[in-house]
Amino acid sequence: MYDLIVVGGGVNGTGIARDAAMRGHRTLLVEKRDFAAGSSGANSGMIHGGLRYLQYDRKVTELSCIDSGYIQRIAPHLLFRIPFLFPIHAERPDCPTLKERLWGYAVRVVLDLYDVYQPYKRGKPSARLSAQEAYALEPALRRDLIAAVSFDEWGIDPFRLCALNAVSAREHGADLATYTEVVDFLRGEGGRIEGVVLLDKARGERRAVRAKIVFNAAGPWAPRVARLAGVELRIRGGKGVHLTLDRRVSNYAILCQAADGREVFVMPHGQTSVIGTTDDDYYGDPDDIRIHEDEIRYLWEAVERSVPSIGQARILRAWAGIRPTAWDWGKMEDDLSREHVIYDHVRQGAPGLLSMVGGKLASYRIMAEEAVDVIEDRLGIPRRPCRTHLEPLPGGASFPDVAALARAYRLPEPTVARLAYRHGANAVAICELVAKDPRLRLPVCRCEQVIAAELLHSIREEEGRRLLDLRRRNRLAMGPCQGSDCAQVAAALLAREKGLDARAFRDELASLLQ
Numbered sequence: 040m041y042d043l044i045v046v047g048g049g050v051n052g053t054g055i056a057r058d059a060a061m062r063g064h065r066t067l068l069v070e071k072r073d074f075a076a077g078s079s080g081a082n083s084g085m086i087h088g089g090l091r092y093l094q095y096d097r098k099v100t101e102l103s104c105i106d107s108g109y110i111q112r113i114a115p116h117l118l119f120r121i122p123f124l125f126p127i128h129a130e131r132p133d134c135p136t137l138k139e140r141l142w143g144y145a146v147r148v149v150l151d152l153y154d155v156y157q158p159y160k161r162g163k164p165s166a167r168l169s170a171q172e173a174y175a176l177e178p179a180l181r182r183d184l185i186a187a188v189s190f191d192e193w194g195i196d197p198f199r200l201c202a203l204n205a206v207s208a209r210e211h212g213a214d215l216a217t218y219t220e221v222v223d224f225l226r227g228e229g230g231r232i233e234g235v236v237l238l239d240k241a242r243g244e245r246r247a248v249r250a251k252i253v254f255n256a257a258g259p260w261a262p263r264v265a266r267l268a269g270v271e272l273r274i275r276g277g278k279g280v281h282l283t284l285d286r287r288v289s290n291y292a293i294l295c296q297a298a299d300g301r302e303v304f305v306m307p308h309g310q311t312s313v314i315g316t317t318d319d320d321y322y323g324d325p326d327d328i329r330i331h332e333d334e335i336r337y338l339w340e341a342v343e344r345s346v347p348s349i350g351q352a353r354i355l356r357a358w359a360g361i362r363p364t365a366w367d368w369g370k371m372e373d374d375l376s377r378e379h380v381i382y383d384h385v386r387q388g389a390p391g392l393l394s395m396v397g398g399k400l401a402s403y404r405i406m407a408e409e410a411v412d413v414i415e416d417r418l419g420i421p422r423r424p425c426r427t428h429l430e431p432l433p434g435g436a437s438f439p440d441v442a443a444l445a446r447a448y449r450l451p452e453p454t455v456a457r458l459a460y461r462h463g464a465n466a467v468a469i470c471e472l473v474a475k476d477p478r479l480r481l482p483v484c485r486c487e488q489v490i491a492a493e494l495l496h497s498i499r500e501e502e503g504r505r506l507l508d509l510r511r512r513n514r515l516a517m518g519p520c521q522g523s524d525c526a527q528v529a530a531a532l533l534a535r536e537k538g539l540d541a542r543a544f545r546d547e548l549a550s551l552l553q
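Going by my numbering, the sequence shown opens with residue 40, and the numbers climb by one from there.
Okay, structure coming up:
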């Protein structure tokens, strides 16, 4: 008997499981695919305050900035600073209109307000730049600037953030079940939810598991999970499409305006650039998200208005996710609140079942804290102190000396630098694998500087069961080669470690390349 079953391995589910396990609750985390395989891995990867939410949802901005500071404390190795430029263009550079000047003033006022929250997340204050100063920083900008404004955000690897929360939950006693789907609920007296029926998708086996509370944190799948319990849960799903380019097209992240006035960004990310994002209502199947040509063209043209040289780049991939936004009616998609909501389904005849929708990546930890507080209230026990803002995630306790590690284990310094970014202090343990077996220094993915030892570490220590899991853990095949240079070697390593037969080897290889 568990105290808590958490359904959903995204950032909310893994965050809740970690908090609950750290408070001493016997916890099971269930995910039908892999951690961050849904919306949590398909977002922009920014732990940001949400500049545009200041217009209508200041609380969301404040919470996001506060939690960003805590996330930096517990996972410093995963974060990187993203300096943004907001260019203010003129239709006639020689004679800016009053409207354009007022627009520039309005941007400045909003950023001045945003600066109030920047200290929470160690952000640098915004700065107004002349056109000449902006061009000096970012030569790629179109030559019709009135001025520009800079502001500060943070980026993070959302795949590893989710995986590390899950690993931390396991280290504190939680059980993890990936590739396991909830197919039914167990009912007790008065219709109380007393557990779930699970389907192990690898073995095809079903089992019943009992718990005092079941928490539905399945994101865009949350309404489907709720229906299994006979209750209704409504969300207003928002589809967000991103593009990855084969090169860096700018020095800074640039906030651009689409033809309809919405904001789109392009930002450098490693060797590539990321463009995002659309925001359109989505009422389809979250397991079957299609990306359309007009969505790609919308993003491309928005960025091209500010960065004409984008035409020299090639699109490596397009990817999309669904925001599980809380239900609202009558508003444009951009105006929907990113506030989170926790539902107790007792009035719908399903006591023992709780659900959470909404929220942002940047405030996941504080949302998880609130969720576990509610869980303890429903369990009828005094609230135990939350420590998720104090105890580092795995690898977050310290940052290794990259140069010293490279010398000690005779590895290229850029490779060790990437290990340190992805694994923090645990990079030392990966280097130790190389010391024990020199064959593991083999560079598998040259684009992302992934060696065999890193893949082996993720298989053994980070619940990596499939080749796509290793892609999420280590950015395998995410670079310009898109797997053509590394997929076969990685599949061979996985097959050897997991004892896969030839057919399973081919299936894993095909899944990654697709």
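We put the beta carbon where it would ideally sit given N, CA and C, even for glycine.
Item	Value
Locate the beta strand (DSSP E) running through Ala186, then write down its first and last residues.	Leu184 to Ile195
Can you tell me which of the three DSSP states Phe438 falls into?	coil
Is there contact between the segment 215-235 and the segment 67-74, where contact requires at least three CB pairs shorter than 8 Å?	yes
What three-state label does DSSP hand Pro164 in the structure shown?	coil
Can you list, in chain order, the residues of its chain with a C-beta nearer than 8 Å to that of Leu479? Leave out the 5 residues immediately preceding and following it.	Leu472, Val473, Ile490, Ala491, Ala492 and Leu495
Restricting to runs no shorter than 4 residues, where is the alpha helix (DSSP H) found entirely within the segment 471-520?	491-500 and 506-513
For Phe190, tell me which candidate among Phe123, Leu225, Gly522 and Ala205 has the shortest Cα-Cα distance.	Phe123
Between the Cα of Val146 and those of Val188, Ser169 and Leu176, spot the shortest distance and give me the residue it belongs to.	Val188
Judging by CA-CA distance, which residue of Val236, Pro115, Lys98 and Leu152 is the nearest neighbour of Ala166?	Leu152
Val148: buried (16+ other C-beta within 10 angstroms of its C-beta) or exposed?	exposed
From this set, Tyr403, Arg514, Ala297 and Arg287, which residue's C-alpha is nearest Gly350's C-alpha?	Arg287
If you count every other CB in all the chains shown that lies within 10 Å of the CB of Ser78, and 16 or more means buried, which is it?	buried
Please return the same chain residues whose Cβ sits closer than 6 Å to the Cβ of Ile113, not counting the five positions on each side in sequence.	Pro431, Leu432 and Gly435
Taking its Cβ as the centre, do 16 or more other Cβ atoms sit within 10 Å of His384, making it buried, or is it exposed?	buried
Taking the alpha helix (DSSP H) that Gln171 falls in, what are its first and last residues?	Ala170 to Leu176
With contact counted as at least three CB pairs below 8 Å, one residue from each stretch, are the segment 254-263 and the segment 281-298 in contact?	no
Comparing alpha-carbon positions, which option in Arg362, Val380, Ile110 and Phe544 lies nearest Asp318?	Arg362
Quick one, which of Pro347, Lys537, Glu452 and Trp366 has its alpha-carbon nearest Ala179's?	Pro347
Taking the CB atoms as reference points, tell me whether Leu552 and Gly522 lie closer together than 7 Å.	yes
Is there at least one non-hydrogen atom of the ligand ADP closer than 6 Å to the beta-carbon of Arg161?	With respect to the ligand ADP, the structure offers nothing, as it holds no ligand at all.
Spell out whether any CB of chain B is found under 7 Å from the CB atom of Leu152.	You won't find chain B in this structure, because it holds only one protein chain.
Do Gly234 and Phe119 have their beta-carbon atoms positioned less than 7 Å apart in this structure?	no
Report the CB separation of Ala75 from Gly49 in whole angstroms; it is logged as a contact under 8 Å.	6 Å
Kindly give me the distance between the Cβ atoms of Val455 and Val483, rounded to whole angstroms, as I take these residues to be in contact under 8 Å.	Not confirmed; about 15 Å, so no contact.
Verify whether the separation of the beta carbon atoms of Ala129 and Ile55 is less than 7 Å.	no
Nearest-angstrom Cα distance between Arg231 and Met40?	15 Å
Within the chosen definition, does the segment 306-315 reach the segment 276-292 through at least 3 CB pairs nearer than 8 Å?	yes
Using CA atoms only, rank isn't needed, just tell me which of Ile105, Asp440 and Ala410 is closest to His379.	Ala410
Output needed for Glu334: all residues of its chain with C-beta closer than 6 Å, excluding positions within five of it in sequence on either side, in chain order.	Val280 and Thr317
Relative to the C-alpha of Gly323, which candidate in Pro259, Ile121 and Leu481 has its C-alpha closest?	Pro259
How is the alpha helix (DSSP H) around Asp333 delimited, first residue to last?	Glu332 to Glu343
Express the C-alpha separation of Asp58 and Ala407 in angstroms, rounding to a whole number.	7 Å
Locate the alpha helix (DSSP H) running through Val528, then write down its first and last residues.	Ala526 to Lys537
Using a threshold of 7 Å, state whether the C-beta atoms of Lys399 and Ser103 are closer than that.	yes
So is Asp106 buried or exposed if we call it buried at 16+ other beta carbons inside 10 Å?	buried
What residues are listed by DSSP as bridge partners for Arg362?	Gly277
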